[in-house]
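Residue numbers (the UniProt record's numbering): 1 to 313.
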C-alpha cells in the first residue's frame with residue numbers, strides 16, 4: 001500500500017535531516033598529522049534537538065537532551081557517562097583544560113559570575129556520582145527563537161523529574177518559520193480525526209498551562225502533566241522555588257510574580273512595594289486577598305540582574 005501524502009511528507013523530512021553516515025570523525029586529519037591530537041581536548045555537541053515540532057524551540061527532552069562527545073588525551077575511550085551536564089559547563093571545562101582561572105574575564109568585562117562547572121575531572125565516570133560530588137540537575141531557558149517567536153519558559157530537570165515554568169502560557173506557542181513550512185507539520189495539521197504531535201495533541205502542544213511537571217521514569221515523553229496532581233504538590237512547590245531561586249541568582253528578567261517581572265520591580269523594594277506571591281495576575285481577585293508577599297522581591301536581585309544597565313529613577 002502506498003503511504004499517505006502526510007506520511008510521505010514526514011518521511012521526506014526525516015530523511016533530509018538524518019545524518020549520513022552514522023558515525024563521527026571527531027579527530028580531524030590535520031590534528032592527527034600535526035601531532036596536536038595528543039595535547040588537545042575535543043568536544044562534539046549540538047545546539048538543539050532535531051528540527052521538528054516537540055523538539056526544536058521547546059524545552060521538552062527531545063529539544064534539550066543533546067549529544068555530547070568528549071575526547072581527552074589519555075582518558076579511557078568508549079565511556080558512557082550518565083552524569084548530567086549543561087551548556088554552561090562547557091566554557092569552565094575548556095578553561096580548566098587550559099589551566100586558567102574559572103573567573104577569568106576580558107579587561108573591562110561586566111559579565112556576571114559564571115554558574116557552570118568543569119566536568120573535566122569526571123569525564124571518565126561510568127557511574128552516576130553522588131550529589132555531594134556532582135549536582136544531578138540542570139536548568140534550562142528559552143525566550144525567543146525568531147524575534148516574533150516570543151514564548152519565555154524556564155525548566156528544571158533532575159534525573160527523574162522535569163518542571164516547566166511557562167511564563168507566557170496565555171499566549172499560544174509560536175511556530176518557528178522552518179517548522180511551520182515543513183512537510184512534517186503539513187502532514188500533522190491534516191491528520192484525522194485529531195492532529196497529534198507524537199502522543200500529544202496539537203491543541204495541547206499549542207496551548208500549555210502555566211506549569212508542567214513530569215515523572216520521566218514513568219513518562220519519558222512528557223505527556224502526563226502532574227502539576228495539578230495534589231499528591232505531587234510538595235514536589236511541584238519545591239521545584240518551582242528552585243527555578244525561582246535560580247532566576248533570582250542569575251538576574252533573570254522573566255522571574256514573574258503577579259504577572260510582573262520582580263527582577264525589574266525590585267528597584268521599588270525600598271519604597272515598600274510588595275508583590276503577591278502568585279504566578280499570574282488574577283482579574284477576578286486583583287487585590288490578591290489573603291495571598292502573602294513574595295520573598296523574591298529584593299534590591300540585591302535587581303543589582304545582580306539589570307540594575308547596572310538601566311537608569312535609576
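Virtual Cβ for every residue (Gly too), placed ideally from N, Cα, C.
Legend entry - Stretch pair the segment 220-227 + the segment 178-196: three plus CB contacts closer than 8 Å: Taking 8 Å as the limit for Cβ pairs, the verdict is that the segment 178-196 does not touch the segment 220-227.
Inset, instruction - Please report how far the alpha carbon of residue 274 lies from the alpha carbon of residue 167, in whole angstroms. - result: On the chain shown, residue 274 is found 274 positions in, with the first residue counted as 1. On the chain shown, residue 167 is found 167 positions in, with the first residue counted as 1. Here the C-alpha atom of residue 274 lies approximately 20 Å from the C-alpha atom of residue 167.
Inset, instruction - Would you list the residues sitting across from residue 44 in a DSSP beta bridge? - result: Against the chain shown, residue 44 aligns to sequence position 44. Its beta-bridge partners are 69.
Inset, instruction - Answer yes if the segment 116-130 comes into contact with the segment 96-105, meaning at least three C-beta pairs across the two stretches below 8 Å, and no otherwise. - result: Put simply, the segment 96-105 touches the segment 116-130. At least three CB pairs are less than 8 Å apart.
Legend entry - Rounded C-alpha distance that separates residue 183 from residue 290: Stepping through the chain shown from its first residue, residue 183 is reached at position 183. Stepping through the chain shown from its first residue, residue 290 is reached at position 290. One C-alpha to the other measures close to 51 Å.
Legend entry - Those runs of the beta strand (DSSP E) which lie wholly inside the segment 87-146 and span at least 3 residues: If only uninterrupted beta strand (DSSP E) runs of at least 3 residues are considered, those enclosed by the segment 87-146 are 137-142.
Legend entry - Residues bridged to residue 196 [DSSP beta-bridge criterion]: Here residue 196 refers to the residue found at position 196 of the chain shown. Per DSSP, 201.
Legend entry - Residue range of the alpha helix (DSSP H) that includes residue 166: Counting from 1 along the chain shown, the entry for residue 166 is found at position 166. Premise fails: residue 166 lies in the beta strand (DSSP E), 161-166, not in any alpha helix (DSSP H).
Legend entry - Whole-angstrom distance between residue 258 and residue 280, CA atom to CA atom: Counting from one through the chain shown, the residue named residue 280 turns up at place 280. Counting from one through the chain shown, the residue named residue 258 turns up at place 258. Straight-line Cα distance between these residues: approximately 4 Å.
Inset, instruction - Could you give the DSSP three-state label for residue 155: helix, strand or coil? - result: In the chain shown, residue 155 corresponds to position 155, counting from 1. The three-state reading of DSSP puts residue 155 in strand, counting E and B together.
Inset, instruction - Would you kindly check if the distance between the Cβ of residue 156 and the Cβ of residue 83 is under 8 Å? - result: Position 83 of the chain shown, counted from the first residue, corresponds to residue 83. Position 156 of the chain shown, counted from the first residue, corresponds to residue 156. In this structure, residue 156 does not lie closer than 8 Å to residue 83 by Cβ.
Inset, instruction - Pull up the distance between the alpha-carbon of residue 75 and that of residue 134, whole angstroms please. - result: Locating residue 75 in the chain shown gives position 75, counting from the first residue. Locating residue 134 in the chain shown gives position 134, counting from the first residue. The alpha-carbon atoms of residue 75 and residue 134 are separated by roughly 19 Å.
Inset, instruction - Compare the beta carbon distance of residue 297 and residue 250 with 8 Å and say whether it is the shorter of the two. - result: Counting from 1 along the chain shown, the entry for residue 297 is found at position 297. Counting from 1 along the chain shown, the entry for residue 250 is found at position 250. No, the pair does not count as a contact, with Cβ atoms beyond the cut-off.
Inset, instruction - Run the CB neighbour count on residue 162, radius 10 Å, all protein chains shown included, and call it buried at 16 or more, exposed below. - result: To locate residue 162, count along the chain shown from 1; it is residue 162. Counting the other CB atoms within 10 Å of its CB gives residue 162 a total of 16 or more, which places it among the buried residues.
Legend entry - As assigned by DSSP and simplified to three states, the class of residue 211: Walking along the chain shown from the start, residue 211 turns up at place 211. Reduced to three states, the DSSP call for residue 211 is strand.
Inset, instruction - Pull up the DSSP beta-bridge partners for residue 288, would you. - result: In the chain shown, the residue the question calls residue 288 occupies position 288. Under DSSP, residue 288 takes part in no beta bridge, so it has no partner.
Inset, instruction - State yes or no: is the C-beta of residue 57 within less than 8 Å of the C-beta of residue 210? - result: For this step, residue 57 is matched to residue 57 along the chain shown. For this step, residue 210 is matched to residue 210 along the chain shown. Their beta carbons are not under 8 Å apart, which means residue 57 does not touch residue 210 by this criterion.
Inset, instruction - Examine the Cβ distances between the segment 196-205 and the segment 54-70 and report whether three or more of them are shorter than 8 Å. - result: Taking 8 Å as the limit for Cβ pairs, the verdict is that the segment 54-70 does touch the segment 196-205.
Legend entry - Residues near residue 137 in its chain [Cβ-Cβ closer than 6 Å; skip 5 each side]: Within the chain shown, the letter at position 137 stands for residue 137. The residues 158, in chain order, have a CB closer than 6 Å to that of residue 137 in the same chain once the five nearest residues on each side in sequence are set aside.
Inset, instruction - Determine whether the Cβ of residue 112 lies closer than 8 Å to any Cβ atom of chain B. - result: Absence of chain B from the displayed structure is noted, only one protein chain being present.
Legend entry - Pick from 197, 198, 231, 201 that is closest to residue 213, judged by C-alpha positions: Here residue 213 corresponds to residue number 213 of the chain shown, with the count starting at 1. It is 231 whose Cα lies nearest to the Cα of residue 213.
Inset, instruction - Pick helix, strand or coil for residue 261, following the three-state DSSP scheme. - result: Taking the first residue of the chain shown as 1, we reach residue 261 at position 261. Residue 261: strand per DSSP, three-state reduction.
Inset, instruction - Report the option in 49, 78, 86, 244 whose CA atom is closest to the CA atom of residue 126. - result: Within the chain shown, residue 126 is the residue found at index 126, counting from 1. Closest by alpha carbon: 78.
Legend entry - Reduced DSSP secondary structure (H/G/I, E/B, other) of residue 60: Numbered from its first residue, the chain shown carries residue 60 at position 60. Reduced to three states, the DSSP call for residue 60 is coil.
Inset, instruction - Apply the 10 Å Cβ neighbour rule to residue 69 and answer buried if 16 or more other Cβ atoms are within range, or exposed otherwise. - result: Within the chain shown, numbered from 1, the residue matching residue 69 stands at position 69. With fewer than 16 Cβ atoms within 10 Å of its Cβ, residue 69 is classed as exposed.
Inset, instruction - Can you check DSSP and say which residues form a bridge with residue 256? - result: Locating residue 256 in the chain shown gives position 256, where the first residue counts as 1. In the DSSP output, where bridge partners are listed per residue, residue 256 has 261.
Inset, instruction - Mind reading off the beta-carbon distance from residue 154 to residue 254? Whole number of angstroms is fine, and I expect it under 8 Å. - result: Translated into the one-based positions of the chain shown, residue 154 becomes position 154. Translated into the one-based positions of the chain shown, residue 254 becomes position 254. Indeed, because the Cβ distance is near 7 Å, the residues count as touching under 8 Å.
Inset, instruction - Report buried or exposed for residue 179, applying the criterion of at least 16 other Cβ atoms within 10 angstroms of its Cβ. - result: As a first step, residue 179 must be located in the chain shown, where it is residue number 179. Buried.
Legend entry - Cβ pair residue 141, residue 116 closer than 8 Å: Locating residue 141 in the chain shown gives position 141, where the first residue counts as 1. Locating residue 116 in the chain shown gives position 116, where the first residue counts as 1. Contact: no.
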